[in-house]
Structures are given as C-alpha cells and as structure tokens.
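There are 2 protein chains.
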Amino acid sequence: MAIAVIGGTGDEGFGLALRLARANEDVIIGSRSEERGAAAERAAGILGDGPRGSVEGTSNEQAAAACDVVFVTVPFAGQTDIYRSIAGSLRPGAIVCDTTTPLATAVGGRAWQVITPWAGSAVEQAKALLPGGIRLVSGFHTVGAEALQKLERSMEGDVLLCGADAEAKATIGALVEKIPNLRWVDAGPLSMARIVERLTAVLVSVNRNYSLHDAGIALTGRDSWGPATRTSKKDG
Amino acid sequence: MAIAVIGGTGDEGFGLALRLARANEDVIIGSRSEERGAAAERAAGILGDGPRGSVEGTSNEQAAAACDVVFVTVPFAGQTDIYRSIAGSLRPGAIVCDTTTPLATAVGGRAWQVITPWAGSAVEQAKALLPGGIRLVSGFHTVGAEALQKLERSMEGDVLLCGADAEAKATIGALVEKIPNLRWVDAGPLSMARIVERLTAVLVSVNRNYSLHDAGIALTGRDSWGPATRTSKKDG
Numbered sequence: 128m129a130i131a132v133i134g135g136t137g138d139e140g141f142g143l144a145l146r147l148a149r150a151n152e153d154v155i156i157g158s159r160s161e162e163r164g165a166a167a168e169r170a171a172g173i174l175g176d177g178p179r180g181s182v183e184g185t186s187n188e189q190a191a192a193a194c195d196v197v198f199v200t201v202p203f204a205g206q207t208d209i210y211r212s213i214a215g216s217l218r219p220g221a222i223v224c225d226t227t228t229p230l231a232t233a234v235g236g237r238a239w240q241v242i243t244p245w246a247g248s249a250v251e252q253a254k255a256l257l258p259g260g261i262r263l264v265s266g267f268h269t270v271g272a273e274a275l276q277k278l279e280r281s282m283e284g285d286v287l288l289c290g291a292d293a294e295a296k297a298t299i300g301a302l303v304e305k306i307p308n309l310r311w312v313d314a315g316p317l318s319m320a321r322i323v324e325r326l327t328a329v330l331v332s333v334n335r336n337y338s339l340h341d342a343g344i345a346l347t348g349r350d351s352w353g354p355a356t357r358t359s360k361k362d363g
Numbered sequence: 128m129a130i131a132v133i134g135g136t137g138d139e140g141f142g143l144a145l146r147l148a149r150a151n152e153d154v155i156i157g158s159r160s161e162e163r164g165a166a167a168e169r170a171a172g173i174l175g176d177g178p179r180g181s182v183e184g185t186s187n188e189q190a191a192a193a194c195d196v197v198f199v200t201v202p203f204a205g206q207t208d209i210y211r212s213i214a215g216s217l218r219p220g221a222i223v224c225d226t227t228t229p230l231a232t233a234v235g236g237r238a239w240q241v242i243t244p245w246a247g248s249a250v251e252q253a254k255a256l257l258p259g260g261i262r263l264v265s266g267f268h269t270v271g272a273e274a275l276q277k278l279e280r281s282m283e284g285d286v287l288l289c290g291a292d293a294e295a296k297a298t299i300g301a302l303v304e305k306i307p308n309l310r311w312v313d314a315g316p317l318s319m320a321r322i323v324e325r326l327t328a329v330l331v332s333v334n335r336n337y338s339l340h341d342a343g344i345a346l347t348g349r350d351s352w353g354p355a356t357r358t359s360k361k362d363g
C-alpha cells in the first residue's frame, strides 16, 4: 500500500516523498495546490528510471483515504485547516506522522522563534482535531528539507519520534531506516513533542549563525537506537 | 584567575569542577552546603597528583566575588534564591554561565517534563535578577552529570551556548574545548534557551527509554563549530 504525504508539494513533504520513493515505497502526494500533478511529475523526473516506488498526485482527502500511513508536512499556519479537511477521510487506525513545527513565521515572526499552541505542541493540536483511533506520531523536525531533496547525498542525524503508540513509532521508524544513514530514536510520549518540535527553530538559528542550510541533530550514547528497550507504559 | 562553580556540590556542578580542574583551571566550588569543603577534598582525591588546577570550597557569595567567570549549576527550584544571594557579589562585567533546566521536578513533576518560567527560560529568569553588565550565557544542558564525573572517559556530544554577548560565549566555549572531545555551538541569542534548556528533559526521556545514563546531543552539518561565522547583530 502507498504512503500519503499531505502537503507533499512543500519543500519538506516533497523531499520526504522523494526519499520514500527512492526507498521503493509507492507515494501519493496530497495537496490542495493544483501543482500536485506537476510535483509528482517532477519527482518522477528526479527519481529517473532506476528501481523506485511510484509517485502520483491527488487531493489531500483522496491521499488520506488511500493509505494506512500518512505523513502531514504542512506549515503551522495551515495545520488546523488541513487536519479538519482530512479528519473524515483518514482510515480507522491509520498511522499519521506529523512533521509540523509551530514556527513564529505562522504569525509573521522569525523562523528561529516559536509560538506555543494551546494544546502544547502542533501534534497535540492535530490530535484534538482527529477522531479517536488515529495513531499519531511526531517526527522529522530535525531533518531539513534541503537535505531530504539532495538524493545524491546521504542524510546525517537522527529522527526523534514521539507518540503514545510504540507500534506506530516502529512503523514510522522502519521507514526512517529505509532512508540511507538515517536513524530513529524513541523520544517518549506525544507530549515530548512540546520540546522536540521546537528543535527546528534551534537548527534554523544554528544554520543562520554558521551560514549553513542543513544543520541536524544526532544523539550520542548508543551506536544504534530504534525501538525503546524499556517496556513500561507509565509516562505520566 | 579561578573559575567559580556555584552549586558545585551538586552532581552537574561537581562534574564540571572536576573537568575544569583536570584542564588546569583553578576552581572554586561555591555552595550553601557545609559539604563544600568535603566536596573540594573529594575532588582533589579524584584528580590525584597529576597536572591540574586547584579546587577549593567556599560560600556562593565568596566564590562569585572572587571570579570573572562563574558557572551556576543549581536545580531550578533553588535558582532564584541563589541568584538573589550572589547578585551583589558578582564582579561588574562577570561572565555567568547558567546551566539550569526548568525541570518539572521543581514542582514535584517528572524529570522528562518541564515548566515554563515567566521570563521564558531559566537563564532569562536569572537575567531579571542580576544587575546590568553581567554577561549571561546559557549552556551545558545536553551534557550529563554522570558523563562529566567519569574523568577516565572522554565526553561525547556538543555544548549549545545561547547568549547576547559573542565574546562571553567564546570565553565559555574556550573552556568547553578544554574538556577532551567536547565542542561548542553558538545556538543564538539568550531567548533560544527557551528551547535549548529543555533538551535536558528530552535526554532524560531518551535515557529512560533505552536504560541509559548519558545520552547526549551532537550537531551535524559541520565538522567543527566554535564561534558563529555570521557577524550581524540582528536577532529580534
């Protein structure tokens, strides 16, 4: 089954779609924009004829309805509208990976500053808009759009995943591991996204200080990460 | 001139005092606790007879008064009391590096959760309590107390420094670089500590998930960091 990338015409979503298709996953780019068809064609052109998954473009609603795994990669300013529009289309039990960061750019501020969603984090705001049973994961905030799109270069850094559902985190984590050199780390329950989401802003600040485009973050302390080794469910 | 470590009988402060003394810096452990003398003796015992700086213990006020560079390594619950107590003793123009994280443990919560200081971050709360002219830097939130204390092991990960004063950041950064294998990264203005301080809680969560004690964070995107290469002062 294909993977949906809602907001897949944006830089982060397009990069993720490219990386997933390169890893032999079929990808459906969802977008409100009429450019979604063109984005799918552009992706196909970049990916070329080698082994790869398919890429097509359609509406957000249709993309959500067609997939058990859905990435939502939209700017914070549009996040509530997008979730309201797909809430009725998502499959029961679908795994939704939210990559939104509540950057202050949503309200005319700076990209190295953030605002605080009432729910605590962007992904918790998404949770409040979705029916029960949707398995939310937060991730990819420390992986830059530019680095994702440079298919010829291997990625650096780790993807920190937050969420209540260990199996959902492992499913997204398995996709992370299909992207060469990327690792995933279980950063804890969904509420940890209140901190982890904001790392995007720290990386924007670091990029700005050192004239970079692709600063990232890697965890130290273990050579390999993957699923948490602790099994207790107590997070509160 | 010696370096003061306020709260130096605590785990993080004691570890930092050890690492600085091992790097040939003279260190004054400041503490309200009567254990400060014993802590200094214990440090001397651990450091042994090799080349090293001196370590002595005294009151927080006397330590602050004696040094141009002061680390403040206290739990968030005691932070305001400590800063009020040393505000009148700090030298004009002193560089103060605050390592406090506003962990929810300060109000009986969990160590992987945080609370939001009214000033935005612990270091901005400190700023509000100090006279003008004190050069505040925020840092060391991603460097664990256990790793600091294990002198026989080299450190992993990077120290993210935040602050308005580039020279003060570079002074603290130069001390970071005296600790084998540690690098420092300029994460931006003091307000970035609103995010960076909280990384301690993410690392507590990761440590918990993987039964570790010393998960850390390293930046990717450059082989070496140090002073920011951007010179613009515009941060707002």
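So the protein sequences, as listed, match chains A and B. Quick note, the first sequence lines up with residues 128 to 363 if you use this note's numbering. Quick note, the second sequence lines up with residues 128 to 363 if you use this note's numbering. Ideal Cβ placement from N, Cα and C applies to all residues, glycine included. All values derive from a computational prediction rather than experimental measurement.
Do you know offhand how far residue 189 (chain A)'s Cα is from residue 183 (chain A)'s? 11 Å
Please state whether the Cβ-Cβ distance between residue 180 (chain B) and residue 221 (chain B) is less than 8 Å. no
Mind listing the chain B neighbours of residue 346 (chain A)? Cutoff is C-beta to C-beta under 9 Å, in chain order. 284, 330, 333, 342, 343, 344 and 345
Would residue 131 (chain B) pass as an interface residue toward chain D - the criterion being a Cβ-Cβ separation below 8 Å? Although the question refers to chain D, the structure presented lacks it and instead comprises the protein chains A and B.
Residues bridged to residue 289 (chain A) [DSSP beta-bridge criterion]: Its beta-bridge partners are A:265 and A:315.
Considering residue 346 (chain B), what are the terminal residues of the beta strand (DSSP E) in which it resides? 343–347
Check the Cβ of residue 313 (chain A) against every Cβ in chain B and list those closer than 9 Å, keeping chain order. 332, 333, 336 and 337
Tell me which same chain residues have a C-beta within less than 8 Å of the C-beta of residue 163 (chain B), skipping the five on either side of it? 135, 136, 156, 157, 184, 185 and 186
Expressed to the nearest angstrom, what Euclidean distance is found between the alpha-carbon atoms of residue 218 (chain B) and residue 287 (chain A)? One C-alpha to the other measures close to 42 Å.
8 Å Cβ cut-off: residues of chain B touching residue 319 (chain A): Per Cβ cutoff of 8 Å: 239, 328, 329 and 332.
Buried or exposed: where does residue 350 (chain B) fall if 16 or more other Cβ atoms within 10 Å of its Cβ makes it buried? exposed
Based on Cα-Cα distance, which residue from A:271, A:267, A:259 and A:307 lies nearest to residue 279 (chain A)? Considering only alpha carbons, the answer is A:307.
Own chain partners of residue 256 (chain A) with C-beta closer than 7 Å, once the 5 adjacent residues on each side are dropped: 207, 210, 211 and 214
Coarse secondary structure for residue 163 (chain A), derived from DSSP in three states: helix
So, for residue 385 (chain A): in the same chain, excluding its five sequence neighbours on each side, which residues have a beta-carbon less than 6 Å away from its beta-carbon? Residue 385 (chain A) lies beyond the range of chain A shown here (128 to 363); nothing can be said about it.
Residues of chain B with CB closer than 8 Å to the CB of residue 349 (chain A), please, in chain order. 337, 339 and 342
Do you know how far the Cα of residue 343 (chain B) is from the Cα of residue 314 (chain B)? 16 Å
Rounded C-beta distance between residue 226 (chain A) and residue 200 (chain A)? I'm assuming under 8 Å. 5 Å
Measuring alpha carbon to alpha carbon, tell me which of B:150, B:131 and B:204 ends up nearest residue 304 (chain B). Ranking the options by Cα distance to residue 304 (chain B), first place goes to B:150.
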